[in-house]
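Let me begin by presenting the structure, written as C-alpha cells, before commenting on it.
There are 2 protein chains.
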Amino acid sequence: MRAYQSLEKTFARLNNLDHLSSIVGWDYAAMMSKKGSGSRAAAMAQLDVMRHEVITDAQLKALLQSAQSETLDHWQQANLREMKRRWEGENLLPAALVEKQAIVHGRCEHAWRSQRPANDWKGFLVNLNEVVALARERADRLSQARGLGRYDSLMDQFEPGTRSTDIDRIFGDLKTWLPTFIASAQKKQASEPVITAQGPFAIEQQRALGLEIMQLLQFDFDGGRLDVSTHPFCGGVPDDVRITTRYREDDFAGSLMGIVHETGHARYEQNRPNDWLAQPVSQARSMGIHESQSLSFEMQIGCNPAFMRLISPLIKKYLGDQAAFAPDNLGKLYTRVKPGFIRVDADELCYPAHIILRYEIERALIEGEIEAAQIPEIWDAKMMQYLGVDTKGNFKDGCMQDIHWTDGMFGYFPSYTLGAMYAAQYFATMRKTKPALDADIEAGQFQFIFDWLKTNIWSMGSQLETDALVTKATGEALNPMHFKAHLQARYL
Amino acid sequence: MRAYQSLEKTFARLNNLDHLSSIVGWDYAAMMSKKGSGSRAAAMAQLDVMRHEVITDAQLKALLQSAQSETLDHWQQANLREMKRRWEGENLLPAALVEKQAIVHGRCEHAWRSQRPANDWKGFLVNLNEVVALARERADRLSQARGLGRYDSLMDQFEPGTRSTDIDRIFGDLKTWLPTFIASAQKKQASEPVITAQGPFAIEQQRALGLEIMQLLQFDFDGGRLDVSTHPFCGGVPDDVRITTRYREDDFAGSLMGIVHETGHARYEQNRPNDWLAQPVSQARSMGIHESQSLSFEMQIGCNPAFMRLISPLIKKYLGDQAAFAPDNLGKLYTRVKPGFIRVDADELCYPAHIILRYEIERALIEGEIEAAQIPEIWDAKMMQYLGVDTKGNFKDGCMQDIHWTDGMFGYFPSYTLGAMYAAQYFATMRKTKPALDADIEAGQFQFIFDWLKTNIWSMGSQLETDALVTKATGEALNPMHFKAHLQARYL
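Chains A and B are the protein sequences, given in the same order. Our numbering puts the first residue of the first sequence at 1, with every later residue one more than the last. Our numbering puts the first residue of the second sequence at 493, with every later residue one more than the last.
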C-alpha cells in the first residue's frame with residue numbers, strides 16, 4: 001500500500017492549498033477592500049501555480065498506476081479513483097492550453113463586465129469566439145484521451161459520469177410538457193391574488209431572521225458563518241463553511257430564501273465524511289448533487305407551504321406584522337410563476353426552460369454544429385418557444401446575461417436542473433417511509449429529513465459514483481417523473 | 493543586473509506567499525469558526541514550508557553574491573541589503589533547529605494557556621527551560637555567523653542594527669529617574685479627581701465612533717477595514733490593511749484608544765513605498781519604528797489634551813452626554829498613572845518600567861547569566877524596585893503574563909519603549925517647525941503631521957537603516973531626552 005499512502009500525502013498537501021484558496025477566495029468576495037484586488041490576484045495566481053505543480057508532479061502517474069494493484073479497502077479504492085480523476089483533469093491538457101485559457105477567459109470576463117451593460121454583443125463576440133475556440137480544443141483533447149464525446153468531456157468535469165445522451169432524454173421529455181405546464185400554472189395563479197410585502201426591511205433585522213432560520217435548519221455555527229457578498233455563494237472549508245447573501249431593504253424574500261438555499265449547500269459541506277476530509281473522496285459528488293442539497297432546502301423544504309406556516313411567525317417577529325406575512329400569502333409570494341429574461345431571477349417552473357435553452361446552445365457550440373455568431377438568433381427563437389419571451393436585440397438580458405461562457409464553463413448549466421430533479425426524487429423517497437413529512441416540516445421537526453440526507457448523501461462524499469449514489473438512496477437512477485410530480489402537486 | 497532581477501522575482505513570489513499568510517492569519521484571529529482551527533493549522537504550516545522552500549533555494553546564495561557587483565540604484569541597493577537580511581534570517585540556522593523550535597514553542601504556548609490561569613509556574617518552567625535552551629542555541633549560531641553578541645543577534649531580528657549597548661545606555665538613564673517621576677505624577681494626580689464614565693456603551697455605537705475617528709485620522713477605507721479580535725492587531729497587506737479591536741460594554745476608553753493605536757500602524761502600512769510593495773525594501777523599518785507610528789497616534793496625538801477637545805463632541809454624539817466626556821476629564825482618564833501588575837494595561841509612565849524589567853531579565857537569560865528558574869525572584873525584586881508592586885507568588889500576573897517568551901521571542905520587548913521614544917522625538921522635531929501643533933490637532937488639521945510622517949517614515953520603507961532614518965528625519969539619532977521632556981510636559 002506504499003504507493004497509495006504516498007498519494008494520500010500528496011493529496012493532503014493539495015487539500016491544504018485548496019484550503020488557502022477557499023479562504024482567500026471567500027475573503028475576496030466578502031471582505032476584501034476595494035484597493036486589494038491587484039495584490040490579491042497575484043497571490044491567488046501564485047497559489048494556482050503551486051497547486052498545479054503539486055498535481056503535475058512527474059511521479060504521480062506511476063504512483064497512481066502502482067496503487068491500483070495494492071490492497072485497498074472500499075473508501076481507499078474510491079479515493080484512488082477520485083485522485084485519478086483530479087490528476088487527469090490537470091494532466092491531460094498541455095500547460096500552454098491551460099495558460100492560454102486563463103488569459104483569454106480573464107480578458108473575456110473582464111470586458112463582459114462593461115460590454116453587458118452596454119448591450120455590446122459585437123464587442124463581446126470577438127472575445128467569445130476565442131473562448132469557444134479554446135473550449136473546443138480542450139474538448140477535443142479530453143475527448144481523445146478519455147474516449148468521451150466532446151461536450152461530454154467538458155460536462156464530465158462538473159458531472160462525472162453523466163452523458164449528454166442522458167441529458168437529451170431527460171430534457172427532451174421536460175421540453176414537451178413544460179411550456180404548457182407554465183401556461184396552466186399562470187392561468188391558475190391569475191385568480192389567486194398575492195399581497196406584496198411593504199418595506200423597508202432593516203438589514204440588521206433581515207440578518208437576525210436569516211440566522212434564526214439557519215439555526216432552525218441546523219447550520220452548525222461552530223463550523224461556519226454568514227456574511228454578505230454581491231453574488232451569494234457557499235465557500236470556506238468543511239469545518240468552517242462560509243455562506244453569503246445580499247440584502248435589499250425593499251425586498252426580504254430573495255435574501256431569505258437565498259440563505260435557505262446556501263444553508264443546503266453548507267450542510268452538505270459541514271457533513272462530508274469526517275475521516276476523509278483531507279482526501280478527494282470526501283468531496284461533494286458533483287455539482288448536480290451539490291445543487292440537489294441547496295434545492296432540497298430551497299424548493300422541497302423552503303417553498304413548501306408547511307415551511308411557510310413554520311416561519312411566518314418568525315418573519316413577523318423580525319420584520320413586523322403585515323398581511324403579506326400570512327402563511328398562505330408567503331406561499332404565493334414564493335411560488336409565483338412569471339416567465340422573464342433572467343435565469344437567476346426565474347421561478348421554480350421557468351428555471352428549467354432557461355437551462356434547457358443554454359444546454360442546447362452550448363452543446364451545439366462545442367460540437368461545432370453552430371458558431372458563436374449564431375447564438376442571439378437561436379436564443380431569441382428558443383426564448384419565444386419555451387417561455388414566450390421576446391429577447392430580440394436585448395443581448396444584455398439575453399445571451400450575455402451569464403458569466404459561465406465568458407469563463408469557458410461549458411457543460412455546467414445542466415447541473416442546476418439535475419439538482420432540482422434529484423431533490424424531488426429524494427423527497428419522493430422520504431415520503432414513502434414518512435407520508436406525513438409536511439407535518440414534520442410545519443412542526444420544525446427536521447430530524448428525519450436531515451438524517452436521511454446525511455446518511456444517503458452528505459456522509460457519502462464521492463465514495464460512490466453518481467448513479468450508484470442516487471440508486472442506493474432512492475432505489476432507482478435519476479427519474480425525472482418525480483420532479484414532474486412535485487411540480488404538479490405544487491402548481492396545478 | 494541579471495542576478496538582481498532574478499532575485500526580485502523570487503522575492504515577489506515570497507511576497508505572494510506572505511500575502512496569503514497575512515490574510516489567512518487575519519482570518520484566523522478575526523473570522524474563523526471555532527471548529528476551523530485544525531485544518532487551518534495544517535494549511536498555515538504548509539504555507540510556512542513553502543515559504544521556507546523559496547527562501548532556502550540553493551541558487552539564492554550565489555545570486556545574492558553576484559548582485560553585489562551589479563549596477564544598482566539607491567533603492568535597489570537597499571532592497572538587496574534587505575533581501576540578504578531575510579535570506580540570512582532563514583539560512584543561517586539548521587532546519588532541524590527551526591523545526592524543533594516550532595514544536596517546542598507550540599507546546600510551551602499551548603500549555604501556558606492553561607498554566608497561566610492556574611498560576612502553575614513549576615509546570616511552565618519545564619517547557620520554558622526547553623524554550624530557553626533552544627533560544628540560546630539559536631543565539632549562539634547567529635552570533636557566530638554574524639559577529640554579534642548573543643542577545644544582540646536575537647534582538648537584531650526585530651530591531652536591525654540596534655545593540656544592547658544602546659539599550660543599556662537608554663534604559664539605564666530611564667531607570668534612574670522613572671520611579672521618582674512616577675511617584676511625583678501620582679502625587680500630583682491625587683489632588684485631581686477624575687469622573688468615571690458610566691456604561692453600558694452599546695457596541696454598535698462604539699464601533700461607529702471608532703470608525704469616525706479612524707476617518708479623522710485619515711485611515712484609507714478603500715484599502716482596509718476594522719474588525720474584532722480577542723487580541724487587537726494590525727494585519728492584512730499594504731493595500732488592504734486589517735485592524736482589529738475588542739469592545740467592552742462597560743468601558744469605551746480602552747477600545748477607542750486601541751483603535752487610534754492600530755490606526756497608526758495601519759497608516760504606516762497603507763503608505764509604504766508604492767513602487768516597491770512586492771519587495772523587502774518596502775517593509776516597515778523595524779518593530780520599534782512600527783511602534784513609533786502607533787504611539788505617535790496613541791500617545792503624541794491621541795492622549796494629547798488638544799485631541800480630547802477635538803473628540804469630546806464625537807464621544808458625546810455616539811455615547812450620549814456625560815460629565816465624564818468633558819475634554820479635561822477625558823484627558824485625566826487617559827493619563828491616569830497607576831502602577832499595576834500587567835504590562836498591556838499599563839499607563840504611559842509605568843509601561844517603560846515593565847519593559848526595562850523584561851529586557852534585563854531576558855538579556856541575562858540569553859547570555860547565560862541567569863537560569864529560567866531564577867526569573868520569579870528577580871521579577872519580584874525589580875517590580876518592587878521600579879513600580880513598588882508586590883508580585884510574590886503571583887506568577888500569573890507576574891512573569892507568566894506575556895506570550896513572548898513562550899514563543900521564544902527574546903529580544904522583542906525593547907521595541908515597545910524604543911517606539912515611544914522615537915515618537916516623542918518626531919513630535920519634538922515637528923514642533924520646531926510648527927510650535928502651534930496642538931492647535932492643529934484641536935482643529936482636526938492633521939496634514940502637517942501626516943505629511944511629515946509620510947515623507948520621513950512611511951514612504952521610506954526600509955530604504956535607510958534605522959539610525960540613518962531617524963537622523964534624516966529629526967537631525968539626530970535616538971535621543972531619549974525627548975521622551976523625558978514629553979513626559980515632563982504632560983505629567984508634571
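Cβ atoms here follow ideal geometry from the backbone N, Cα and C, with glycine treated the same way.
Buried/exposed call for residue i, threshold 16 Cβ in 10 Å
i	result
S907 of chain B	buried
S294 of chain A	buried
N274 of chain A	exposed
H753 of chain B	buried
G911 of chain B	buried
S784 of chain B	buried
A145 of chain A	exposed
V49 of chain A	exposed
R113 of chain A	exposed
L97 of chain A	exposed
Q771 of chain B	buried
R642 of chain B	buried
Y669 of chain B	In the sequence under discussion, the amino acid at residue 669 of chain B is Trp, which differs from the Tyr named in the question. Classification of W669 of chain B: exposed, given that the 10 Å Cβ count is below 16.
Q775 of chain B	buried
R511 of chain A	Residue 511 of chain A falls outside the range modelled here, since chain A spans only 1 to 492, and no answer is possible.
Contact with chain A by residue i, beta-carbon distance below 7 Å
i	result
L715 of chain B	As written in the sequence, residue 715 of chain B is Gly, which differs from the Leu given in the question. So yes, G715 of chain B belongs to the interface.
D767 of chain B	no
D743 of chain B	no
Sequence-distant residues of the same chain with beta carbon closer than 6 Å to residue i, five excluded per side
i	result
Y983 of chain B	A677
M800 of chain B	P819, L822 and G823
N621 of chain B	A864
A323 of chain A	I195
L709 of chain B	T755
Selection from the options that minimises the alpha carbon distance to residue i
i	options	result
Y359 of chain A	A:S153, A:L60, A:F171 and A:Y4	A:F171
E82 of chain A	A:A183, A:R272 and A:V281	A:V281
T162 of chain A	A:K34, A:E8, A:A477 and A:A489	A:A477
A353 of chain A	A:W379, A:I375 and A:E367	A:W379
S951 of chain B	B:E761, B:P671 and B:Y810	B:E761
H110 of chain A	A:H404, A:H486, A:S153 and A:P435	A:H404
W768 of chain B	B:K501, B:G885 and B:T755	B:K501
G235 of chain A	A:Y28, A:A12 and A:F448	A:Y28
G581 of chain B	B:D648, B:Y878, B:L956 and B:T827	B:D648
I515 of chain B	B:A535, B:Y496 and B:A504	B:A535
Y247 of chain A	A:N15, A:D222, A:I259 and A:A12	A:I259
R2 of chain A	A:D239, A:Q76, A:I55 and A:Q488	A:Q76
Y412 of chain A	A:N16, A:F341 and A:E362	A:E362
E465 of chain A	A:D57, A:G36, A:H74 and A:K316	A:H74
Short CB-CB distance (under 7 Å) between residue i and chain B
i	result
D166 of chain A	no
N271 of chain A	no
I23 of chain A	yes
G33 of chain A	The residue asked about is misnamed: residue 33 of chain A is Ser in this sequence, not Gly. It does: the Cβ of S33 of chain A has a partner Cβ on chain B nearer than 7 Å.
H19 of chain A	yes
N79 of chain A	no
A266 of chain A	no
G340 of chain A	no
Q206 of chain A	no
Own chain partners of residue i with C-beta closer than 7 Å, once the 5 adjacent residues on each side are dropped
i	result
S683 of chain B	none
D742 of chain B	G691 and P692
R986 of chain B	Missing from the structure shown is residue 986 of chain B; chain B here goes from 493 to 984 and no further.
V733 of chain B	G715, G716, C726, A758, E761 and Q762
N304 of chain A	D438 and I441
P480 of chain A	I170, D173, L174 and M421
Cβ distance (whole Å) where residue i is taken to contact residue j below 8 Å
i	j	result
A423 of chain A	M299 of chain A	6 Å
A559 of chain B	L499 of chain B	6 Å
T244 of chain A	S255 of chain A	About 10 Å; that fails the 8 Å criterion.
Beta-carbon contacts of residue i that lie in its chain and below 8 Å, excluding the five residues immediately before and after
i	result
S635 of chain B	G641, R642, D644 and S645
Y426 of chain A	S292, S296, Q300, W452, L453, N456, I457, A473 and T474
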